[in-house]
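S.K.:
Numbering (our numbering), first residue to last: 48 to 269.
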């Protein structure tokens, strides 16, 4: 078995996450899909014969901190590794990062895990598969819903329209991903991050329009 998702003593091992590259504006060419950049803590959820565990992006076991999520996992599989973020939803439905740390200690029932990728499923290493195939497998496992384990939708098309919609919703930004890319640990140019937008001028397909310029932000996909 590949080192990704390999079993050690009957338990799956943590996989270092793929890290997006910060860009000033998202790609406009074909072959990319876009996901909401959640304002939360990057988390890896592992299911195996030992139960459910949740790890920080640096590989620290945070299951005890995220215990309501661990208890809520009832997915139709024997083993899986999901990549995602732990968030707290604010009043408008957008993630509320300032409330997250408080919720971990005082209101853990508010914590939600949003899954955006799957690396392992019932003995299969899914990391070499194209992103959209992994997203399909993830959707079939998690399915869209409003429980503690949620699925992160992806979008394609006009990135400017997507950015404007996300901004109106009070969300942080977007992660653009190559639709045909495999999952690779570490810094990546097939995942691009644009966030904290300020309007500026640029041209799309020969016409004058508005753009959004990114700057670095907290945890999340980072």
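Glycine residues also receive a C-beta, built at the ideal position from the N, C-alpha and C atoms.
To the nearest angstrom, how far is the alpha carbon of residue 153 from that of residue 114?
M.R.: Spanning the two alpha carbons is a distance of roughly 13 Å.
S.K.: Going by DSSP, which residues form a beta bridge with residue 103?
M.R.: Answer is 90, bridged to residue 103.
S.K.: On the DSSP letters alone, give me the boundaries of the beta strand (DSSP E) that residue 135 sits inside.
M.R.: Its beta strand (DSSP E) spans residues 127-135.
S.K.: With DSSP as the reference, label residue 197 as helix, strand or coil.
M.R.: Residue 197 falls in the strand class under three-state DSSP.
S.K.: What is the DSSP secondary structure of residue 96, counted as helix, strand or coil?
M.R.: Residue 96: coil per DSSP, three-state reduction.
S.K.: Which runs of the beta strand (DSSP E), 3 residues or longer, sit entirely within the region 146-191?
M.R.: The region 146-191 contains these whole beta strand (DSSP E) runs: 158-168.
S.K.: Where do the ends of the beta strand (DSSP E) carrying residue 62 lie?
M.R.: From DSSP, residue 62 is part of no beta strand (DSSP E); its letter is neither H nor E.
S.K.: Work out the CA separation of residue 163 and residue 235 for me, nearest whole Å.
M.R.: Their Cα atoms are separated by approximately 16 Å.
S.K.: Quick one: what does DSSP say residue 114 is sitting in, helix, strand or coil?
M.R.: Residue 114: helix per DSSP, three-state reduction.
S.K.: So residue 165 and residue 67 are supposed to be a Cβ contact under 8 Å. How far apart are they, rounded?
M.R.: Not confirmed; about 17 Å, so no contact.
S.K.: Kindly indicate which three-state DSSP category residue 241 falls into: helix, strand or coil?
M.R.: Strand, per DSSP.
S.K.: Do the region 123-135 and the region 72-91 meet, that is, are 3 or more Cβ pairs less than 8 Å apart?
M.R.: Short answer: they touch.
S.K.: What residue range does the beta strand (DSSP E) around residue 82 cover?
M.R.: First-last of the beta strand (DSSP E) with residue 82: 79-83.
S.K.: Does the separation of the CB atoms of residue 229 and residue 177 fall below 8 Å?
M.R.: Their beta carbons are under 8 Å apart, which means residue 229 touches residue 177 by this criterion.
S.K.: Below 8 Å on the Cβ atoms is my guess for residue 70 versus residue 224; work out the distance and round it to an integer in Å.
M.R.: Wrong, their Cβ atoms sit about 12 Å apart, outside the cutoff.
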